[in-house]
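Encoded as C-alpha cells, the structure appears first; notes follow it.
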Amino acid sequence: MRGLATSHLRPGHPDLLDLPWHLPLDRWEGHTPRLESLPRGEARHPVVFVDYDGRAYALKAMGEGQAEHEYQLLREMEDRQLPVVAPVGHVTAVTDDGPQSVLVTRYLAYSLPYHSLFLRSDLSRYRDHLLDAMAGLLVQLHLAGVWWGDCSLFNTLFLRDAGTLQAVLVDAETSRVKDRLDPGERAADLDLMEENVAGGLLDLVAMGALPEDYPAWDLAADIRQRYDRLWHEVSRVEEVRPEERYRITERVRALNALGFSVGEIALERREPTSDDDGGRDRLRLRVVVTDRSFNRRLLHSLTGLEVQEQQAQQMVNEIQELRATLGHLRDRSVSLGAAAFHWLESLYTPSVRALRAAGGEVEPPERYCQLLEHKWLLSEVAGRDVGHEAALADLLARLAPEAPDAEPAAPPERDGDRG
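Here this note's numbering runs 18 ahead of the position in the sequence shown, where the first position is 1.
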C-alpha cells in the first residue's frame with residue numbers, strides 16, 4: 019500500500035511515522051514542516067534532515083534491506099567504542115516510486131564536512147589537522163577489526179577538538195566487522211583511502227577552491243605515512259629486562275597520552291641467547307589497545323561531561339592542576355573526584371554559561387578549550403598567570419565584535435615577538 023511505513027527505532031526516539039513516506043526523500047520539500055537545512059557533505063544516496071523538538075536526525079534512503087544492514091554495522095562499531103554517527107534505526111516504506119529502506123542516525127551537531135575546511139577562511143587553521151584525524155580514525159577502526167571499504171573525505175565528518183580535529187565515520191555501507199584484520203586487509207583499505215582522498219581534494223581543485231597545482235596525491239600519501247607511524251606506536255612489541263618493569267608503566271602512560279586505552283598487558287619470557295647482554299632473561303612486552311577514549315572516559319566518570327578526546331585531555335590536566343592547588347591551600351591531599359567537582363562548579367559551568375551567551379556555532383567544550391589556550395597566551399604575554407576570570411573577560415570582549423562562527427583573535431604579541 020502506497021505510503022505504508024514501518025519504523026524500527028531504538029527507545030527514546032520519535033517513531034517518525036508523521037513524515038511523508040509516500041514520497042521519495044528527495045521530494046519531501048514542501049510536504050513536511052520538519053525538514054531542516056543543515057551542513058552536509060556529498061552522498062551517493064538521497065539524504066534529508068528532520069527535527070523533533072530540537073533533536074535533529076539524518077535520514078538516508080537506500081535499496082531494500084540496505085538500511086537495516088548498515089544500521090547493524092553501525093551498532094557493532096558503536097559497541098566497540100568507535101567514532102561513528104549514532105545509529106537510531108531504520109524505516110521501510112512503500113513510496114510512489116516503489117519500496118525503499120531508510121537509515122536513521124542522529125545528526126552530528128557541530129560537525130564539519132571536509133569541503134567547509136577549504137571553502138571557509140575561518141576554518142583554515144584546521145586543514146593540517148585533517149591528515150592526523152583521518153589517520154587516527156583508520157587506526158582506531160583497524161584495531162577494532164573494522165574494514166571500512168570506502169574511506170573517503172565524503173564519508174567522514176570532522177569535529178573540532180581542542181584546536182585539532184576528530185574524524186567520525188558516517189557511511190558504513192561497504193564495511194565489514196571482524197575479530198581482527200590481517201595486514202593485507204589493512205593495506206587494501208589504505209589503498210582505497212589514498213585514491214578516494216586524492217579524488218576528494220581534486221574535486222575542490224576543479225571547483226577552484228584549491229590551486230591547480232595542489233598536491234592532492236602527496237597529501238593522501240601523507241595520511242598513509244601518519245597512519246603507519248601511529249600503527250607502529252600502538253602495536254609494537256618491545257623487550258624489557260625483569261628489573262626494568264617500570265618501562266611497562268611508561269609504555270601505558272605514553273599510549274594514554276595519545277588517547278588510547280589499554281585493555282591488556284602481555285608479558286612473555288624470552289630465553290636468553292649468546293647475543294644478549296650478560297645472557298640475562300628478557301621479557302617481551304605487548305600492550306593490547308582497546309580504543310582512543312581514555313581521557314574522555316576519565317572525564318565522564320569524574321564530571322558526566324561528554325566531550326572529544328583532546329578536549330577531555332586538556333580538561334583533565336586542568337583538574338589535576340586544580341587538585342594540586344587545593345591540596346596546597348588546604349595542606350592536605352585532595353581526591354581527584356573532589357577536585358573535579360570543584361572544577362565543574364566553579365570554573366567550567368560558569369565559563370561555559372558566559373561563552374554560550376556570546377553566541378556562535380562552536381560547541382561549548384571547544385569554546386572552553388579556546389579559553390584555556392587564551393589564558394595561556396595572555397599569561398605568556400604578561401609573564402605571569404593572569405587568572406581564569408581575566409582570561410574569560412578578555413576572550414568575551416574579543417568574541418563580541420566577531421562573526422558568530424569566528425575563532426577568537428589571538429592576544430597581543432609579546433615585545434620580543436615583534437619584527
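Even glycine gets a Cβ: it sits at the ideal position worked out from N, Cα and C. On a predicted model such as this, the values are computed, not experimentally measured, just so you know.
Residue i - partner residues in DSSP beta bridges
i           : result
residue 121 : 78 and 108
residue 68  : 53 and 75
residue 182 : 179
residue 193 : The partner list for residue 193 (beta bridge, DSSP) is empty, contrary to what the question assumes.
residue 226 : DSSP lists no partner for residue 226.
residue 26  : 108
residue 199 : Note: residue 199 sits in no beta bridge, so no partner.
residue 283 : 305
residue 131 : 175
residue 165 : 194
residue 116 : 113
residue 256 : 303
residue 417 : The partner list for residue 417 (beta bridge, DSSP) is empty, contrary to what the question assumes.
residue 187 : 102 and 174
Straight-line gap, residue i to residue j (C-alpha atoms, nearest Å)
i           : j           : result
residue 26  : residue 205 : 36 Å
residue 18  : residue 312 : Any answer about residue 18 is impossible in this case: the structure gives the chain only from 19 up to 437.
residue 414 : residue 259 : 54 Å
residue 154 : residue 182 : 12 Å
residue 243 : residue 210 : 14 Å
residue 405 : residue 393 : 7 Å
residue 307 : residue 166 : 19 Å
residue 66  : residue 113 : 16 Å
residue 44  : residue 64  : 6 Å
residue 370 : residue 385 : 8 Å
residue 168 : residue 305 : 29 Å
residue 344 : residue 276 : 28 Å
residue 55  : residue 340 : 42 Å
residue 250 : residue 256 : 11 Å
residue 234 : residue 193 : 25 Å
residue 75  : residue 180 : 26 Å
residue 135 : residue 236 : 18 Å
residue 198 : residue 266 : 24 Å
Own chain partners of residue i with C-beta closer than 7 Å, once the 5 adjacent residues on each side are dropped
i           : result
residue 38  : 46, 49 and 50
residue 86  : 108 and 119
residue 245 : 153, 156, 157 and 208
residue 321 : 358 and 362
residue 232 : 219 and 223
residue 365 : 406
residue 336 : 361 and 390
residue 106 : 27, 28, 31, 75, 122, 123 and 124
Cβ-based neighbour list, residue i, same chain, cut-off 6 Å, excluding 5 preceding and 5 following
i           : result
residue 325 : 383
residue 103 : 123, 126 and 188
residue 98  : 162
residue 130 : 176
residue 70  : 32
residue 42  : 113 and 115
residue 94  : 195
residue 333 : 317
residue 376 : 414 and 417
residue 190 : 88, 91 and 92
residue 373 : 385
residue 331 : 313
Within-8 Å CB hit, residue i to chain C
i           : result
residue 121 : Judged by its chain identifiers, the structure shown contains no chain C, having just a single protein chain.
Residue i, buried or exposed, once every other Cβ within 10 Å from all chains shown has been counted against 16
i           : result
residue 327 : buried
residue 402 : exposed
residue 241 : buried
residue 272 : exposed
residue 23  : buried
residue 214 : buried
residue 379 : exposed
residue 68  : buried
residue 350 : exposed
residue 346 : exposed
residue 35  : exposed
residue 29  : exposed
residue 400 : exposed
residue 285 : exposed
residue 238 : buried
Contact set for residue i: own chain, Cβ-Cβ below 8 Å, skip 5 residues either direction
i           : result
residue 100 : 158, 159, 162, 164, 187 and 309
residue 270 : 280, 283 and 305
residue 229 : 223
residue 396 : 404, 408, 409, 412 and 429
residue 96  : 102, 104 and 105
residue 227 : 133, 136 and 137
* **Stretch-stretch touch, CB-based, cutoff 8 Å, three pairs: the segment 116-129 with the segment 63-83** => Yes, the segment 116-129 is in contact with the segment 63-83.
* To do: Take every Cβ of the segment 142-158, pair it with every Cβ of the segment 167-186, and state whether three or more of those distances are shorter than 8 Å.
  => With the cut-off at 8 Å, the segment 142-158 and the segment 167-186 touch.
* **the segment 126-145 contacting the segment 193-204, beta-carbon criterion three pairs below 8 Å** => They do not touch, by the three-pair rule.
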